[in-house]
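Asks: All residue numbers for the sequence shown refer to UniProt numbering, where the first residue is 1 and numbers rise by one.
For each residue, glycine too, the CB sits at the ideal point set by N, CA and C.
Questions regarding the structure given below will be posed in turn.
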Amino acid sequence: MASNVKEEKSDEAGRNILISHDRLYKIDQLRERNIGKYLPLPQLVAVGDQSSGKSSLLETVTGIPFPRGQELCTRYATQITHRRDNDSFISISIISGPQALAEHKVHVETYYRQVNDTAQLQAEFADILDEVNTRMGIRTPNSPEGQHTFSEDVLKIEKCGPNEDYLTVIDVPGIFRTTTEGITTEKDKSMVLDMVIKYIKDPRTIILAVLPCNVDVATQEILALAEKYDKKGERTLGVLTKPDLVKERSAKASVCALVRGKRKPLNLGYYIVRNRGGDDDEDDSELFKREDMFRQEPWRDLPDGQVGVGALRERLQDLLGEITDQAFPIIRTEIRDMLAETQSALDTLGASRKTDREQRQYLATVAGKFQGLMRAAVDADYSCNKAFDDGELRLITTIVNHTEWFDRTFRRSSQTYQFLKQTELTDDDEVFEEPSALEKIDTAAFPELIRLVVDDWSTEPPMHGIMAWIETIHHDFRGITLGTVSPAMLSSAFRGQSVKWGAITKQYVSLAILAVHRFIIKALQKVCHCQVVLQRLFAALVAQLLASYESALEQAMLLVEVETQRKPYTLNHYFNSNMQKVRGLRMRDQMGSGVPGSPSLGLVIPVKDIAGKIKNKSNAEYMREEIHDTLRAYYKVAGKRFVDYIYYLAVDHCLLSGPDSPLLLFSEKWVLELDDKRLASIAGENQQITNRRAKLEKKVQDLKEAIDIL
Ligand code: GDP
Ligand code: MG
């Protein structure tokens, strides 16, 4: 019964701080929706030296007992918040510090206690703090195995109830100047200072700079610190505690001068409060008795508005209203940013995938996006999607580059023997050059392709000595023919000259396969944000992908076979015109230098000399030249035809746009044809994801409501 009375009184004390302003009401609503869980809302923090009376002050202001006193000197920040809830209770939990390791985080965050009211809290506080200290790893007489003197973890005490009003106060460890051997270290010192700074630099924090009256204010660093982070002094209040401990008249006068703003003035002024002393009764009704002292000299001459906890509370109400006003835009932006972030995290998870229907829908959407990306990539329509900022997704451009490489390499080095140079027939590109260095292809990144694509990207240059080689062919195939090159001879020569076609073609098709494969993987990553689904999806597709790559290679190799092993043949008139051109040039070469003719003709050869010059050749020599020239003309025509067809058939048809293209595999149709079991094995989701989605959805909803409130 007695405890109930006490409970009501503490509630009364807490409610006194109620501010009726509209904006505070809004903050109140945010807190009700638990937005305080996501970002700091306006709050009070008491800062000052150790034992200056911070914890006692907060207790006086809120009516909630704070751990106080010398031996319990605050070792971590304590946050006391109020939240409106249908049920009345007080929950105690720990928020892990910013540097906490995962293990410690779990260890402290699994701590939870709940008590019914402040009386119960008070009764059990010692036990609760023991447990909290142990969890945080703080060394105390009761838990000597603790490793730390201070902790960055935060003890959170949340008071819930139907009548709770907005107020968050934070009690931080007192800053200290000298370290104590065996207890506090330099590291502790800076850790505590950092902790204090973290709170006071937030523009949403009202700084209660706590200064005991019985210590000279000149020795208190806290005012300088507060001024550093609250330059205009808009949110720093000086609070003078322990006035009852000042005995000397001169010391009292000095305190009064402070309150009157005669010494070290503060923008928001000083307030003087008498807290419960170490020996005072625990009962709150004592408060009024305690404050009786202010009716005496010299305190009673001080302005009423600056004396006693009532005056302080009133001032804090106004100030909270102002701070909230200023914090509003910041809170609004922060909530917006957080909403965007949360929404994108939620998008990453994708839609819920519990039922068959949801799973199919989800996967079909992913497939639709994939097909869209793929079409744009094949049409080089890169402006439509930001995804193409990633160069590896620009598929058709990569394919064109590889195709140019193939064409160049083919012209320069596909022939076994270098054809003879005949000035006017020799294009530059028929001279061998190292093929342009292929971009370093990391086949190891795609282990599934290792057995399929080539791993040797080098090409040998054509050899010299073509005429000697033709001589042997001529020798082996000589029959009883007069003049023309026999088909068998040409076949054999062509086969010999084209032995490298297969290797170069395989390199090219391998390049194209790698480009397509890499595209598919990258594009899947862009459209499917769930890693688990991505992996399963890829596993489900890979066998069919490999089969289509293999078929592209087979088609290419079939073309190689047809081109190089069948009887040379072409209807292309280019062959004949080439032949004639070669003959003409050869004749000119045989003519040697002429004799000077008329100025308009330059060098001339008398007609009577022509027969003699040609007659000079042996039959064999003539035949070798014929073979060489025919081979060369045919090689050129066949090579061009071949390069074109490899692109059309093996790359364009098999890999890009034909009906069996690997790019078309992962489609909505594919998804629709999956049976339920297979579908679930790809798109089903585990409990962890379901939970995470629920959490994010709740957060999005909370934040959206918060935006509506604001
Ligand atoms: P903190 O370290 O700043 O949190 O200081 P505490 O609130 O723990 O107070 C230190 C000691 O000073 C405790 O024993 C308090 O009871 C005592 N104390 C605090 N304020 C007053 C006050 O106004 N008058 C008296 N007599 N003692 C006080
Ligand atoms: Mg304290």
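My parser needs the alpha helix (DSSP H) runs of 4 or more residues fully inside the segment 451–530; what are they?
Replies: Here the runs fully enclosed are 466–477, 487–497, 501–527.
Asks: Judging by CA-CA distance, which residue of Gln590, Asn214, Gln326, Ala488 is the nearest neighbour of Val246?
Replies: The shortest C-alpha separation from Val246 is found at Asn214.
Asks: Mapping the DSSP letters down to three states, classify Lys640 as helix, strand or coil.
Replies: Looking at Lys640 - three-state DSSP - the assignment turns out to be helix.
Asks: Locate the alpha helix (DSSP H) running through Leu363, then write down its first and last residues.
Replies: Residues 356–378.
Asks: Looking at Asp244 and the ligand GDP, is the gap between the Cβ and the nearest heavy atom below 6 Å?
Replies: Under cutoff, so the answer is yes.
Asks: Jot down the residue ranges of each uninterrupted alpha helix (DSSP H) in the segment 519–595, minimum 4 residues, whole runs only, in chain order.
Replies: Listed in chain order, the complete alpha helix (DSSP H) runs (minimum 4 residues) inside the segment 519–595 are 531–565, 573–591.
Asks: Short check: CB of Ser491 to CB of Lys581, under 7 Å?
Replies: In this structure, Lys581 does not lie closer than 7 Å to Ser491 by Cβ.
Asks: If we count the other Cβ atoms within 10 Å of its Cβ and call it buried at 16 or more, is His475 buried or exposed?
Replies: With fewer than 16 Cβ atoms within 10 Å of its Cβ, His475 is classed as exposed.
Asks: Thinking C-alpha only, which one of Glu186, Leu320, Gln687, Gly182 is nearest Thr236?
Replies: The residue with the shortest Cα to Cα distance from Thr236 is Leu320.
Asks: Could you tell me whether the segment 640–659 touches the segment 585–595, where touching means 3 or more Cβ pairs closer than 8 Å?
Replies: Segments in contact, no.
Asks: Which whole runs of the alpha helix (DSSP H) in the segment 227–254 are 4 residues long or more, in chain order?
Replies: Correct list: empty.
Asks: Going by CA-CA distance only, name the one from Ala706, Tyr645, Gln688 that's closest to Lys354.
Replies: When each option's Cα is compared against that of Lys354, the closest is Gln688.
Asks: Once DSSP output is grouped into helix, strand and coil, what is the label at Trp89?
Replies: For clarity, residue 89 is Phe in the given sequence; the question names Trp instead. Strand at Phe89.
Asks: The ligand MG heavy atoms versus the CB of Ser55: any closer than 6 Å?
Replies: Yes; taking the cut-off as 6 Å, the Cβ of Ser55 has a heavy atom of the ligand MG nearer than that.
Asks: Rounding to the nearest angstrom, what Cα-Cα distance links Val431 and Leu420 in this structure?
Replies: Its pLDDT being 47, under 50, Val431 is placed unreliably in this model, and the value from its coordinates should be taken loosely. Approximately 10 Å between the Cα atoms of the pair.
Asks: Can we say the segment 178–191 touches the segment 83–92, given the rule of at least three CB pairs closer than 8 Å?
Replies: No, because fewer than three Cβ pairs between the segment 178–191 and the segment 83–92 fall closer than 8 Å, the two stretches do not touch.
Asks: Answer with buried or exposed for Gly278, where buried requires no fewer than 16 other C-beta atoms within 10 angstroms of its C-beta.
Replies: It is exposed - the Cβ of Gly278 has fewer than 16 other Cβ atoms within 10 Å.
Asks: Quick check on the DSSP output: the alpha helix (DSSP H) that includes Pro662 runs from which residue to which?
Replies: Looking at the DSSP string, the run of the alpha helix (DSSP H) that includes Pro662 is 662–665.
Asks: The beta strand (DSSP E) spanning Gln99 covers which residue range?
Replies: First-last for Gln99: undefined, no H or E at that position.
Asks: How should Val604 be labelled, buried or exposed, when 16 other C-beta atoms within 10 angstroms of its C-beta is the threshold for buried?
Replies: With fewer than 16 Cβ atoms within 10 Å of its Cβ, Val604 is classed as exposed.
Asks: How long is the line joining the alpha carbons of Lys159 and Gln122, rounded to whole angstroms?
Replies: Answer to the nearest angstrom: the Cα atoms are 13 Å apart.
Asks: Indicate whether Tyr417 and Ile473 have their beta-carbon atoms separated by less than 7 Å.
Replies: No.
Asks: Mind checking who Val210 pairs with in its DSSP beta bridge?
Replies: For Val210, which the question treats as bridged, DSSP gives the partners Gly48, Val239.
Asks: Ends of the beta strand (DSSP E) at Lys704?
Replies: No beta strand (DSSP E) holds Lys704; the alpha helix (DSSP H) holding it covers 687–709.
Asks: Roughly how many whole angstroms lie between the Cα atoms of Val671 and Lys526?
Replies: Distance between the alpha carbons of Val671 and Lys526: 18 Å.
Asks: Taking 6 Å as the cut-off, does the CB of residue 713 come closer than this to any heavy atom belonging to the ligand MG?
Replies: Past the edges of the chain, shown from 1 to 710, lies residue 713, and the structure says nothing about it.
Asks: When DSSP builds the beta bridges, which residues end up paired with Ala77?
Replies: For Ala77, which the question treats as bridged, DSSP gives the partners Val154.
Asks: Just reading off the beta strand (DSSP E) that Ile605 is part of, what are its end residues?
Replies: Taken as a continuous stretch (DSSP letters only), Ile605 belongs to no beta strand (DSSP E), as it is neither H nor E.
Asks: Is the segment 223–234 touching the segment 200–214, taking contact as three or more C-beta pairs under 8 Å?
Replies: They touch, by the three-pair rule.
Asks: Beta-carbon separation of Trp501 and Ser413 under 7 Å?
Replies: No; because the gap between Cβ atoms is not below 7 Å, this pair is not in contact.
Asks: How long is the line joining the alpha carbons of Glu433 and Ser458, rounded to whole angstroms?
Replies: At Glu433 the pLDDT is 45, less than 50, meaning the model places this residue with poor confidence; the figure from the coordinates comes in the next sentence. Answer to the nearest angstrom: the Cα atoms are 12 Å apart.
Asks: Assuming Leu57 and Thr205 are in contact, meaning their beta carbons sit under 8 Å apart, how far apart are those beta carbons, in whole angstroms?
Replies: The Cβ separation is near 15 Å, so there is no contact.
Asks: What are the boundary residues of the beta strand (DSSP E) that includes Gln114?
Replies: Gln114 -> beta strand (DSSP E) spans 112–115.
Asks: Hey, would you say the C-beta of Gln306 is under 6 Å away from at least one heavy atom of the ligand ADP?
Replies: Ligands in the displayed structure: the ligand GDP and the ligand MG; the ligand ADP is not one of them.
Asks: Please return the same chain residues whose Cβ sits closer than 6 Å to the Cβ of Arg693, not counting the five positions on each side in sequence.
Replies: Hits under 6 Å: Leu349.
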